[in-house]
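*Asks:* Please find one structure pasted underneath; my questions will follow.
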Amino acid sequence: MMSDSTIVLTVGLPESENVEDVLTAGDISLACIPHLEPLVAALIAVGASHKPVVLRYRANAPFVLSYVECRLQDASHVPLLQHVLSIPTLVALQLHLPAFGPEALPVLYAPSLTAVVLRGELPCTYQFLHAMRASSLEKLQIFFHRNQWDKLNTLDESLRDHAYMLALAPTSFPVLRTVRVEEVELHPRWSDVSFGCAIRPLMHIPTLEDVEVQLDASPLWVSVDDLARVAVVWSDLRRLVLTCKTAAKRAPTVDALSHLEAACRNLVELVLPKIRLQEPESLGAHPGRLIDAPVGNHPLRTLHLPCQTARTVSSEYCWELGWQIEQLFPYLEPDTEDACITRPASLFSDWDMIRKGILDAKAAKSIHIMSML
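Here our numbering is used: the first residue of the sequence shown is 534, the next is one more, and so on.
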């Protein structure tokens, strides 16, 4: 909704449905669209108008209002959304959110929504989600940008926006399974984004199975405490994908893998920017376990550390760590991307040598199995 009390709506089929028979029409009166009569009455009551509605539909098919996209500019117009969210056929919603003040937003009931896309500053998206009651919501996507006052790199709660302290109620999103949070910035940001801070409100939703965070401009900081909490609250997690173009200097230790192995027994894909490696004073022929966890039967298939591109510890340590990671996650699929054999050993990164240890462990296991036949 624009500052001149003009509403901007897109209704019909979501843009992601790339079908050739979708037609687009403009200059449609809201009153002509099924189910929007209550919204028309509400707009008249507050003296608001609407820009020409973009209507997408399939030719020769009955029109069912299942998708709405709306741009909000004023928090005072948020209650008008209830007239849209109450439409029983509405299953998908995309909202462009303004900056809200510290006041709580009115409760919004969206019983039929299964997919929501929110765009705006991250604190505003959490304020909006805190007001939602979406009993059928399964998938949430957040595209956020940062403002210059947004403190996402500190453990001092007094310096953070109050919205990061909000706890999203599990009863408001009882079937939410998939969450994707993506940064949308035009220029690099030099201050870190703390995963634990940025995702904290969502950590109260225990049903999540697929969580992805992608930062294109800011360094991502993931701590071992963050992953320990993930292991506690998201025990049904199947995918945890945390990516960035530049990792923060701070990183979790290898102990984080133990937390996830012990608690997230359904995890099949794990992507972390990097882990912090600290080499023991000496590595003997039998250095013992570098990861404090028993040999397991975990279903993890994919492990990737895309920002682990430097050499910080000895090749021997990384190789031994890779061997023990394979014991911890015996079903890991070989990662042969950018295969080590294409480069001199002197150019191997820590991750290269960890992968080599994993591959060598698998090869040794295969030889042992064959010898037992």
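Ideal placement from N, C-alpha and C gives every residue a C-beta, glycine not left out. As the structure is a prediction and not an experimental result, all values here were calculated from the model.
Three-state secondary structure (DSSP) at LEU790?
*Replies:* Reduced to three states, the DSSP call for LEU790 is helix.
*Asks:* As an exercise, report each continuous alpha helix (DSSP H) stretch of at least 4 residues that is fully enclosed by the segment 644-681, in chain order.
*Replies:* You should have 655-664.
*Asks:* Check for me: the beta strand (DSSP E) holding ARG772 runs from which residue to which?
*Replies:* Taken as a continuous stretch (DSSP letters only), the beta strand (DSSP E) holding ARG772 covers 772-777.
*Asks:* At which residues does the alpha helix (DSSP H) containing HIS616 begin and terminate?
*Replies:* Where HIS616 is concerned, the enclosing alpha helix (DSSP H) stretches over 614-618.
*Asks:* Put THR622 into one of helix, strand or coil per three-state DSSP.
*Replies:* The answer is coil: DSSP assigns THR622 none of H, G, I, E or B.
*Asks:* State the Cα-Cα distance for the pair HIS616 and GLU802, rounded to the nearest angstrom.
*Replies:* In a straight line, the C-alpha of HIS616 is about 40 Å away from that of GLU802.
*Asks:* Can the beta-carbon of GLU718 be found closer than 8 Å to that of ALA696?
*Replies:* No, they are not a contact pair.
*Asks:* List the endpoints of the continuous alpha helix (DSSP H) containing GLN857.
*Replies:* Looking at the DSSP string, the run of the alpha helix (DSSP H) that includes GLN857 is 848-861.
*Asks:* Does the ligand GTP have even one heavy atom less than 7 Å from the beta-carbon of SER645?
*Replies:* Absence of the ligand GTP is noted for the structure shown, with no ligands found whatsoever.
*Asks:* Which stretch, first to last residue, makes up the alpha helix (DSSP H) that contains VAL766?
*Replies:* That run of the alpha helix (DSSP H) goes 757-766.
*Asks:* Can the beta-carbon of LEU670 be found less than 8 Å from the beta-carbon of PHE706?
*Replies:* Yes, the pair counts as a contact, with Cβ atoms nearer than the cut-off.
*Asks:* Once you ignore the five residues that flank ARG710 on each side, which residues in its own chain have a CB closer than 8 Å to its CB?
*Replies:* Here the set comprises GLU671, LYS672, THR740, LEU741, GLU742 and ASP743.
*Asks:* Name the two residues that bound the continuous beta strand (DSSP E) containing CYS603.
*Replies:* Run containing CYS603: 600-604, per the beta strand (DSSP E) assignment.
*Asks:* Can you list, in chain order, the residues of its chain whose CB lies under 7 Å from that of VAL846, leaving out five sequence neighbours each side?
*Replies:* If we look at VAL846 and ignore the five residues flanking it on each side, its Cβ neighbours are LEU810, GLU812 and ASP883.
*Asks:* Check each candidate in SER645, ALA667 and ASN680 and name the one with the smallest Cα separation from GLU716.
*Replies:* Residue ASN680 is the option with its Cα nearest to GLU716.
*Asks:* Since I believe CYS851 is in contact with PRO806 (beta carbons under 8 Å), could you give me their beta-carbon distance rounded to a whole number of angstroms?
*Replies:* The pair is not a contact, with the Cβ atoms about 17 Å apart (cut-off 8 Å).
*Asks:* Sorted by chain position, which residues of the same chain lie with C-beta nearer than 6 Å to ALA789's C-beta, five sequence neighbours on each side aside?
*Replies:* These residues qualify, in order along the chain: VAL757 and LEU760.
*Asks:* I'd like to know whether the C-beta atoms of LEU605 and LEU630 end up nearer to each other than 8 Å.
*Replies:* Cβ atoms of LEU605 and LEU630: closer than 8 Å.
*Asks:* Tell me which same chain residues have a C-beta within less than 7 Å of the C-beta of LYS895, skipping the five on either side of it?
*Replies:* Excluding residues within five positions, the ones whose Cβ falls inside 7 Å are GLU859 and PRO867.
*Asks:* Look up LEU572 in the DSSP assignment and give the residues it is bridged to.
*Replies:* DSSP, once it has assigned bridges, lists no residue as partnering LEU572.
*Asks:* With burial defined as no fewer than 16 other Cβ atoms inside 10 Å of the residue's Cβ, what is the status of ILE900: buried or exposed?
*Replies:* Classification of ILE900: exposed, given that the 10 Å Cβ count is below 16.
*Asks:* To the nearest angstrom, how far is the alpha carbon of SER768 from that of ALA796?
*Replies:* Their Cα atoms are separated by approximately 6 Å.
*Asks:* Determine the DSSP secondary structure at MET754, reduced to helix, strand or coil.
*Replies:* In the sequence as displayed, the identity of residue 754 is Trp instead of Met. DSSP places TRP754 in strand when its eight states are reduced to three.
*Asks:* Give me the Cα-Cα distance between VAL746 and VAL714, rounded to the nearest whole angstrom.
*Replies:* Rounded to the nearest angstrom, the two C-alpha atoms are 5 Å apart.
*Asks:* In the DSSP output, what is GLY744 paired with across the bridge?
*Replies:* Here the sequence assigns Val to residue 744, which means Gly is not the residue at that position. Beta-bridge pairing links VAL744 to VAL712 and LEU773.
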